Amino acid sequence: MMRQRSRVARKWSVVCGVVLLAGLLSALPAAADHSWKPYHWARTSNPFVLKVGDNVPGVWDPYLDQAIVDWNYSEVLNLEEVAGGTQPTRCRPTAGRIEVCAAKYGLNGWLGLAQIWASGDHITQATAKMNDSYFSGATYNTPAWRHLVMCQEIAHDFGLGHQDETFDNPNLGSCMDYTSNPKGNEHPNQHDYDQLKLIYSHPDSGTTIGAAGGALPGRGPDGDLNTPAEWGRLVADYGGASVYVRELDHGIRIITHVTWAADRNGRGR
559 MMRQRSRVAR
569 KWSVVCGVVL
579 LAGLLSALPA
589 AADHSWKPYH
599 WARTSNPFVL
609 KVGDNVPGVW
619 DPYLDQAIVD
629 WNYSEVLNLE
639 EVAGGTQPTR
649 CRPTAGRIEV
659 CAAKYGLNGW
669 LGLAQIWASG
679 DHITQATAKM
689 NDSYFSGATY
699 NTPAWRHLVM
709 CQEIAHDFGL
719 GHQDETFDNP
729 NLGSCMDYTS
739 NPKGNEHPNQ
749 HDYDQLKLIY
759 SHPDSGTTIG
769 AAGGALPGRG
779 PDGDLNTPAE
789 WGRLVADYGG
799 ASVYVRELDH
809 GIRIITHVTW
819 AADRNGRGR
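Shown next, in the form of structure tokens:
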């Protein structure tokens with residue numbers, strides 16, 4: 559009888575432990591999947607090489623260089639820095655690659671923009687913009703803010719979303735984490751690399767990278783795409799960031815991720 563009671567007690571101990579663990583896991587931040595669904599570059603194998611055009615002034619070069627080094631620790635992609643293909647103030651996309659730009663875009667509310675052109679689920683071209691109208695001011699002219707925004711906007715351009723979208727939560731040690739204090743969130747962490755492996759776990763039958771991207775019909779509207787009036791409809795708003803979608807001809811859409819500055823109508827940090 560005593561042995562039977564002991565077995566029952568052990569069984570209930572195991573069951574309670576499982577229930578407790580499940581409860582703890584359910585209370586953790588929902589960072590298990592932080593892809594920018596469902597968008598990714600089409601390619602036939604991994605690792606794939608994605609060119610990144612440098613359209614930034616000298617003050618930004620170390621941050622662009624570091625972001626490329628950081629993301630190249632991924633097993634699935636290799637970013638290759640190349641000469642820029644656009645005027646920074648316009649930051650027009652180039653088919654099959656990412657253009658990274660920095661300029662004084664005006665006190666229009668945003669720190670950084672990531673914009674992708676997509677055909678179905680496949681990214682065909684992308685831009686990342688850093689707004690020097692804010693980064694030249696005391697609040698954002700710090701290495702931590704420059705690292706975080708550069709690292710994050712580039713990552714949106716190959717399909718990563720955010721690990722956490724609550725500004726006052728403890729930092730996760732990832733540039734894909736919203737925060738009111740960027741110190742410690744300047745670089746990717748292992749969860750970002752694991753997510754990239756999930757996003758690019760399946761091969762595609764063709765590619766939208768490099769010269770193949772030239773099949774895209776046009777490059778989109780002639781505007782500079784720097785203001786909400788040009789971004790289309792709002793599809794998500796996290797307070798400090800927003801996502802917009804604009805439909806173009808030929809089944810192409812532009813998806814814009816906006817990182818807002820703190821002084822935009824009380825939004826953001």
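Take the sequence shown: its position 259, counting from 1, is numbered 817 in our numbering, and each next residue is one higher. For each residue, glycine too, the CB sits at the ideal point set by N, CA and C. In this text the structure is predicted, and so the values were computed from the model without any measurement.
Where the beta strand (DSSP E) containing residue i begins and where it ends
i, result
"ASP762", "That residue, ASP762, is in no beta strand (DSSP E); it is neither H nor E in DSSP."
"ASP795", "791-795"
"ILE810", "810-818"
Secondary structure of residue i, DSSP reduced to three states
i, result
"HIS745", "coil"
"LEU730", "coil"
"GLU633", "coil"
"LYS595", "coil"
"ALA799", "strand"
"LEU608", "strand"
"ALA600", "coil"
"ASP782", "coil"
"ALA641", "strand"
"LEU586", "Unreliable positioning characterises LEU586 in this predicted model, as indicated by a pLDDT of 35, which lies under 50. The coordinate reading is nonetheless provided below. If DSSP states are grouped into helix, strand and coil, LEU586 belongs with coil."
Residue i: first and last residue of the uninterrupted alpha helix (DSSP H) it sits in
i, result
"TYR621", "619-629"
Identity of the residue in the options nearest residue i by Cα
i, options, result
"TRP789", "TYR802, SER763, MET688", "TYR802"
"HIS867", "TRP675, ALA819, THR697", "Beyond the ends of the chain as shown, which are 559 and 827, falls residue 867; an answer cannot be given."
"GLY642", "LYS687, GLN624, TYR663, GLY667", "LYS687"
"PRO746", "GLY768, SER759, LEU718", "LEU718"
"ALA819", "PHE693, ALA600, THR766", "PHE693"
"GLN753", "GLY611, PHE606, SER632", "SER632"
"ASN613", "VAL607, LEU622, PHE606", "LEU622"
"HIS598", "PRO651, ALA713, ASP628, LEU730", "ALA713"
"GLY678", "ALA672, GLU805, THR814", "GLU805"
"ALA672", "ASN699, ASN689, LEU665, LYS662", "ASN689"
"ASP628", "LEU669, THR785, GLN710, ALA684", "GLN710"
"VAL793", "ASN784, VAL816, ILE810", "VAL816"
"ARG648", "VAL640, GLY654, LYS662, TRP668", "LYS662"
"ASP750", "LEU665, VAL607, PHE716", "PHE716"
"GLY695", "GLY664, LYS595, ASN743", "GLY664"
"TYR796", "LEU783, PHE606, GLN721, MET708", "GLN721"
"ILE767", "SER603, MET734, PRO596", "SER603"
"GLN683", "VAL658, ASN743, PRO786, THR697", "VAL658"
"ALA660", "ILE757, SER759, GLY670, MET734", "GLY670"
"THR765", "VAL607, ASN784, GLY798", "VAL607"
"VAL634", "ASN784, ALA799, LEU756, SER800", "LEU756"
"VAL617", "THR685, ARG650, PRO701, ARG655", "PRO701"
"ILE812", "HIS680, ASP619, GLN748", "HIS680"
Chain C within 7 angstroms of residue i, Cβ atoms only
i, result
"ALA660", "The structure shown contains no chain C; it is built from a single protein chain."
Contact belief for residue i with residue j at Cβ below 8 angstroms, rounded distance in angstroms
i, j, result
"ASN666", "LEU706", "At roughly 20 angstroms, the Cβ-Cβ gap does not stay under 8 angstroms, so ASN666 and LEU706 are not in contact."
"ASP735", "ARG601", "Incorrect: roughly 27 angstroms between the Cβ atoms, too far for contact."
Continuous beta strand (DSSP E) assignments of at least 3 residues falling wholly in the region 655-727: 656-661, 668-677, 680-689
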